[in-house]
Every structure is written in C-alpha cells, then in structure tokens.
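Here is the structure we will look at, set down as structure tokens.
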Amino acid sequence: MLSAQLQSDADALDQMRYDVKYLSSDLLEGREAGTPGEKLAADYVAAKFGNVGLMPYGDSASYLQAFTFQAEPFLGPANSLQIGRSQLKLEEAYGVLPFSAPGLARGKLLKAGFGIDAPALGRADYSGLDVQGRVVALLIGSPDGIHPHSKFLAHHDLQLRAEKAAELGAIGVVFYNDDKDTEEPSFHLSAKTKTCSIPVVYLKGDRHIDLAIDNNPVVINVDMQRQQRTAYNVVGLLDHGKDNVVVIGAHFDHLGWGDEGSLHRGEKAIHNGADDNASGVAVMLQLARDLLEMDQSRANDYLFIAFSGEEKGLFGSNHWTKHPTLPIEQLNYMINLDMVGRLDTTNVIGINGVGTSPTWAEVDRVLVGNLNVKTTSSGIGPSDHTSFYLKNVPAIHFFTGTHGDYHKPSDDEEKINYDGMLRVTRYIESLITTLNDDGKLVFTRTADADTANTPRFKVTLGVVPDYLYDGKGMRIDGVTDGKPASKAGLQVGDIVVKLGDIEVTDMMAYMKALSAFEKGATAPITVIREGKEVNAEVTF
Ligand SMILES: [Zn+2]
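Every position in the sequence shown, counted from 1, becomes a number in our numbering once 867 is added.
Dropping the structure here:
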C-alpha cells in the first residue's frame, strides 16, 4: 500500500500536464542538445528538483552536469572551386567530401589514375609521379569496378585514397568519375567522420571531366565548420542516508527543428517531442514528489537524472556513467522512462530489460492501474537504460509504445494520455515498494543484445560501439555473449582498427567494413587493447 501523504491524483495530473506543456512548447524549439531550448529545459528541470528539495548532484554544487560533444559539421559561405578558367558551383557542379579538411589548396593538377597504390595487386598509380605540392585528380572507381568482390576492395575507400595522396605530398584531391556504374559518393556531413589532412572535393556528373588535365591550375577552398557544443544532464538526489541508490532517469532532449533521426520530410518544423520525452520527464518529476513522501521508499536513496543528448546517441547517459557523480557501485537498479505518454486502450505497458536481474520477475506481481505488462529481456535498447546495463546495473525501460507521430513534428501535447501517465507512475511506485525489502538487486547479463539500429547489415559483430569515442577506430563499449566479437575474444575497451582488409578509422568506416561481409564469412580483425595491437579472427 502507498502512504497516505501521496499527492492526490488530481494534483499529480495537474503537475504532469504543466510539465509536459512547458517542455513541449514551441518556446523550447524541440530541445535539441547544445541549443538554447535545451538549456531552458535543463534549467526548468533543475528548478523543479529544487522545489522538491533534491540535493544538487551535478557538477560541484549544481544540478547541472555539463558535457561536450561534436556537433554536426556544416558548410560555410566561403566554399569555392576553380579549375582552369571555370568557377564551379557548390552542390551543382561539385561537392565537398565529408572527410575533407577545411582550408585552401592552390596548385596544379596531376592525374594519378584511381590513386591506388597496391604493387602486390599489380597496381601502382603513383609510380613515376612526383605528387609533392600538387592537387591530384583521382577517379573514384577501381580497376575492376566497385563491388564487394573487387580485388581492390581494401582500396575502395576514398578517404584512404585521399590520405595516401596526402602522405605522398599532395595538397588537395579532386575526385571525378568516368564510369556510369560507379555511384556518386555521399556528401552527408557527420560529426562521426574523421577529417583527413587536405581539402577533398568531387566533380559531379560528367560535364566537367575535361577539366581534369595535367597542369590545369586549381584553387580549392573548403569552408567546413566544426563545433564543440555543450549540453547538460540534470541530476538531483533524494537522500535518505542509505547505501543503495536507485536511479530514475528520463531524457529531456529531442530533435529540435529536425535533427538526424527525424522522420519528417518537407519544410523544417519544430519537433516538440511531447511523448518523446516530455512525458518521461514529467513522470520522473512526479516520482520525485511522491517518493519524498513515501515511507515505503526509505530503503534506498534516489538519484533523479534528466539526460540530454539521448537522441544523438545516448550521449548524456553515456557521459554520466563514465563520470558518475556518486560511486557507481552504490547503484541498486535503474528505471528509465522514455515515451510513456501514449498508453492506449490496450493498456499495454512495455518493460524492456527484465533480463538484467532475476528480481524483475516481480513486475508480473505488481497489479496496479490495470496495466497489461509486456516485457522484453535485453538490457540493450535504443534508450538510456543501455548505458547503465553496460556498467552492470540492472536497468529497465518503461515504454507505452510507438506511434505514427514518432520523431515527427506532430508528437504534440494534445495527444498525451495523462491518465495513462499517472497509471504508469503508480505502477512504478508499487514496484519500488515491492522491491523495498530485497536489498541490492543481482545483475545478470542478457543474451540477445543486438542494437536495433543496424538493420542494413547482413552480419553483426555483436558489440555496442562507443559513439562518444572520437579517437581513431571504433571503441567497443559492450560485447554480447555468444556473438562473433565475444567468440573472437574481444573485450570492452578494445578499439577496432582493422576489419578484413579495411582500415577502420571511425564509426563510418566500421559500418562500411561490416557491410562487406556475408553471414558465415571469416575475417581477421585488429584491435588496440591497452595500447597494444591484438589480432584475432571473427566468424560472422
Ligand atoms: Zn526519440
């Protein structure tokens, strides 16, 4: 039974409505991490924590915990390309490749075939050429075409070819294409792409191929702007003076005007994210108000965390678990609220991650709010509980299900089911009460832990990449038992630098490398473990 001092249902509904309305108002412009709207939301949650009387548990004496991340790069106004007498227009006649360095390259063109330097395969495009100080013109294809069975597969990557040119002394690269079967490269700029050391552009279509003549003068200016941005988690402790700490978390950031991840097409529009995830923040705040009053809650302390940067790749929860503001060993379990505002007439509440502790079997014994509980086992999913699971904390995720407004500007406040949110709140309060006498929950690893967001691969390595890692390679944040990486002996913290013949320079290169394999294939893999190179073999 819950204590009598609990806020009345009517008061709780009013509070949650107020919180969702504010957080999903146009004033906050969709709360994209690193924007003023996100800061307004963070300040709002911090003020609410203050009203409840939580102890500030962010940086020093503040509720806010700042972290920085690489924002998506963008092209500035100063891009230009002139070859011979032709001034080419950005986008129309040429594109800047995502891995291009910013800056100026002025020199004379030198054609160097495909820019493939592989004497062992009988191809040495640079033999006899003096590349020093030149802008090289390279074809994007390969001597035997661009397909997974090309013997030059390891040399297909344009970034590696540009780096090779730079290594030989080139000051810029102009790629072009004379083969209609070879697709134009992608110009999509991503914070996850590593930059090479020289400007690199691509001549679009075939109208300008004739400019690729030896000694044609060329001036490339690449104006690509990269920014570090700061975002904020909001952290407050309900301190009962206990050793065990329960984390209750919800991300408060969303997609702004349509960040990567938006499913909206057409005119830019504010993505208010009422269900995703103003709803979760409102339930979290209600839990803070209620747990303060509940006698049955006193077996634990409660750490409330509103995460930022979730939509960009669990940045905030990743940051908190790597820079915890209290000892992570004290954590008992974690409850994540992400999208809890759309309970429908089926009364189905999803609880993900029940395989992370045997104790979660209790969720079936809680019968409150007439909810129909549907569970999944894996501790890895597309939300912040994953970061805690990866630190061996039993973690579950409450979720009222997806819908047609998911990641669209139409995820608005008037579609929220407040009564449903209240029922979820009461359910969680009952669950916490039920677990009150259980002491610290036992953690278990879950078997099926495939990240759902890699559908375009035929194979998987069975790892969780560290999306915040920005050194060279792909750092492993989690390894799934029984999957190829685990069978090959790879460990958390390993940095994958080579897969098959392909150098893994960053996340993008990793994904490219992965897409080259079929199920059942075996490939050598090289990782850096504690500074040393380790070679292994994976079977997909
Ligand atoms: Zn989302």
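Idealized CB from N, CA, C, for every residue including glycine.
> Which partner residues does Ala985 have in the DSSP bridge list?
Replying inline: Along the sequence shown, read from residue 1 onward, the residue named residue 985 stands at position 118. Partner(s): Arg990.
>> Can you tell me whether Gly962 is helix, strand or coil according to DSSP?
In response: Mapped onto the sequence shown, residue 962 falls at position 95. DSSP places Gly962 in strand when its eight states are reduced to three.
> On the three-pair Cβ rule with 8 Å, is the stretch 1161–1178 touching the stretch 1137–1152?
Replying inline: yes
>> Quick test of your reading: Pro1261 and Ser1224, contact by CB under 8 Å. State the CB separation rounded to the nearest angstrom.
In response: Position 394 of the sequence shown, counted from the first residue, corresponds to residue 1261. Position 357 of the sequence shown, counted from the first residue, corresponds to residue 1224. Their Cβ separation, rounded to whole angstroms, is 3 Å, which keeps Pro1261 and Ser1224 in contact under 8 Å.
>> What does the Cβ neighbour count give for Gly1036, buried or exposed, with the cut at 16 atoms within 10 Å?
In response: Indexing the sequence shown from 1 puts residue 1036 at position 169. Exposed, by the Cβ-count rule.
>> List, from N- to C-terminal side, the beta strand (DSSP E) runs of 3 residues or more that fit wholly inside the stretch 1050–1109.
In response: 1067–1070, 1084–1089 and 1095–1105
> DSSP on Thr1327, reduced to helix/strand/coil?
Replying inline: For the purposes of this step, residue 1327 is taken as the residue at position 460 of the sequence shown. It is coil, neither helix nor strand.
> Can His1274 be considered in contact with ligand 1, in the sense that its beta carbon sits closer than 7 Å to one or more heavy atoms?
Replying inline: Residue numbering aside, residue 1274 sits at position 407 when the sequence shown is read from its first letter. It does: the Cβ of His1274 is within 7 Å (strictly closer) of some heavy atom of ligand 1.
> Hey, quick one: how far does the beta strand (DSSP E) through His1264 stretch, first residue to last?
Replying inline: Along the sequence shown, read from residue 1 onward, the residue named residue 1264 stands at position 397. Segment Ala1262 to Phe1266, the beta strand (DSSP E) holding His1264.
> Below 8 Å between beta carbons: does that hold for Asp1024 and Ile1369?
Replying inline: On the sequence shown, position 157 is the one that residue 1024 refers to. On the sequence shown, position 502 is the one that residue 1369 refers to. Yes.
> Relative to the C-alpha of Phe1119, which residue among Leu1130, Val1102 and Asp1106 is closest?
Replying inline: Along the sequence shown, read from residue 1 onward, the residue named residue 1119 stands at position 252. It is Val1102.
>> According to DSSP, simplified to helix, strand and coil, what is Phe1255?
In response: Within the sequence shown, the letter at position 388 stands for residue 1255. In the structure shown, Phe1255 sits in a helix (DSSP, three-state: H, G or I).
> Would you call Asn1044 buried or exposed, if buried means 16 or more other Cβ atoms sit within 10 Å of its Cβ?
Replying inline: Translated into positions along the sequence shown, residue 1044 becomes position 177. Classification of Asn1044: buried, given that the 10 Å Cβ count is 16 or more.
>> Report the CB separation of His1264 from Arg1209 in whole angstroms; it is logged as a contact under 8 Å.
In response: The sequence position of residue 1264 within the sequence shown is 397, counting from 1. The sequence position of residue 1209 within the sequence shown is 342, counting from 1. Not a contact, Cβ separation roughly 15 Å.
> Can the beta-carbon of Ala1117 be found less than 8 Å from the beta-carbon of Asn1144?
Replying inline: Translated into positions along the sequence shown, residue 1117 becomes position 250. Translated into positions along the sequence shown, residue 1144 becomes position 277. Yes.
> What whole-angstrom Cβ distance do Ala908 and Leu890 have, given they're in contact under 8 Å?
Replying inline: The sequence position of residue 908 within the sequence shown is 41, counting from 1. The sequence position of residue 890 within the sequence shown is 23, counting from 1. About 6 Å separates the two Cβ atoms, so the contact holds.
>> Using a Cβ-based criterion (distance less than 7 Å to any ligand heavy atom), does Asp1143 qualify as near ligand 1?
In response: Translated into positions along the sequence shown, residue 1143 becomes position 276. Correct: Asp1143 has its Cβ closer than 7 Å to ligand 1.
> Under the rule that 16 or more other beta-carbon atoms within 10 Å means buried, what is Ala1319, buried or exposed?
Replying inline: Start at 1 with the first residue of the sequence shown, and residue 1319 comes out as number 452. Caution is warranted here: a pLDDT of 42 is assigned to Ala1319, below 50, making its placement in the model unreliable, and the coordinate value is therefore given only provisionally. Flag for Ala1319 reads exposed.
> If we ignore side chains and look at the alpha-carbon of each, how far apart do Ile1080 and Ala1032 end up?
Replying inline: Looking up residue 1080 in the sequence shown gives position 213. Looking up residue 1032 in the sequence shown gives position 165. Cα to Cα, Ile1080 sits roughly 17 Å from Ala1032.
> Whole alpha helix (DSSP H) runs in the stretch 1122–1208 with 4 or more residues, listed along the chain?
Replying inline: 1147–1160 and 1182–1189
> Is the beta carbon of Glu899 within less than 7 Å of some heavy atom of ligand 1?
Replying inline: As a position in the sequence shown, residue 899 is number 32, starting the count at 1. No - ligand 1 has no heavy atom lying nearer than 7 Å to the Cβ of Glu899.
> So what's Tyr1043 in DSSP terms, helix, strand or just coil?
Replying inline: Taking the first residue of the sequence shown as 1, we reach residue 1043 at position 176. Strand.
> If you draw a straight line from the C-alpha of Asp1272 to the C-alpha of Val1215, how long is it?
Replying inline: As a working mapping, residue 1272 is identified with position 405 in the sequence shown. As a working mapping, residue 1215 is identified with position 348 in the sequence shown. Asp1272 and Val1215: Cα-Cα distance of roughly 18 Å.
> Counting along the chain, where does the alpha helix (DSSP H) carrying Gln882 start and finish?
Replying inline: Taking the first residue of the sequence shown as 1, we reach residue 882 at position 15. Element bounds for Gln882: Asp876 to Leu890.
> What's the C-alpha gap between Gly1329 and Thr1253?
Replying inline: Along the sequence shown, one-based indexing puts residue 1329 at 462. Along the sequence shown, one-based indexing puts residue 1253 at 386. Their Cα atoms are separated by approximately 14 Å.
> Skipping 5 residues on each side, what residues in its chain have a beta carbon closer than 8 Å to that of Ala979?
Replying inline: The residue labelled residue 979 in the question sits at position 112 within the sequence shown. Closer than 8 Å at Cβ, skipping near neighbours: Asp992, Tyr993, Leu996, Val998, Val1003, Ala1004, Leu1005 and Ala1032.
> Would you say His1121 and Gly1140 are within 8 Å of each other, going by their C-beta atoms?
Replying inline: Along the sequence shown, read from residue 1 onward, the residue named residue 1121 stands at position 254. Along the sequence shown, read from residue 1 onward, the residue named residue 1140 stands at position 273. For His1121 and Gly1140, yes; Cβs fall inside 8 Å.
> Sorted by chain position, which residues of the same chain lie with C-beta nearer than 7 Å to Asp1077's C-beta, five sequence neighbours on each side aside?
Replying inline: Counting from 1 along the sequence shown, the entry for residue 1077 is found at position 210. Closer than 7 Å at the Cβ level, and outside the excluded window around Asp1077, lies no residue.
>> For the beta strand (DSSP E) containing Ile1343, name the first residue and the last one.
In response: As a position in the sequence shown, residue 1343 is number 476, starting the count at 1. Here the beta strand (DSSP E) through Ile1343 covers Met1341 to Val1346.
> According to the neighbour-count rule (16 or more other Cβ atoms, all chains shown, within 10 Å of its Cβ), is Arg898 buried or exposed?
Replying inline: Mapped onto the sequence shown, residue 898 falls at position 31. That one is buried.
> Going along the chain, which residues of its own chain have a beta-carbon closer than 7 Å to the beta-carbon of Ala985, five neighbours each way excluded?
Replying inline: Here the question's residue 985 lines up with position 118 in the sequence shown. Excluding sequence neighbours, Ala985 sits near Phe1019 and His1022.
> Per DSSP, Gly970 is paired with what?
Replying inline: Position 103 of the sequence shown, counting from 1, holds the residue named residue 970. In the DSSP output, where bridge partners are listed per residue, Gly970 has Val1089.
> Can you give the Cα-Cα distance for Gly901 and Leu895, rounded to whole angstroms?
Replying inline: Looking up residue 901 in the sequence shown gives position 34. Looking up residue 895 in the sequence shown gives position 28. About 12 Å.
>> Once the 5 residues before and after Thr1300 are set aside, which same chain residues still bring their CB inside 6 Å of it?
In response: The residue given as residue 1300 occupies position 433 in the sequence shown. Hits under 6 Å: Gln1163.
> Quick one: what does DSSP say His1014 is sitting in, helix, strand or coil?
Replying inline: As a first step, residue 1014 is located in the sequence shown; it is residue number 147 there, counting from the start. DSSP places His1014 in coil when its eight states are reduced to three.
>> Among Tyr1377, Val1041 and Phe916, whose alpha-carbon lies nearest the alpha-carbon of Leu971?
In response: Translated into positions along the sequence shown, residue 971 becomes position 104. Nearest of Tyr1377, Val1041 and Phe916 to Leu971, Cα basis: Val1041.
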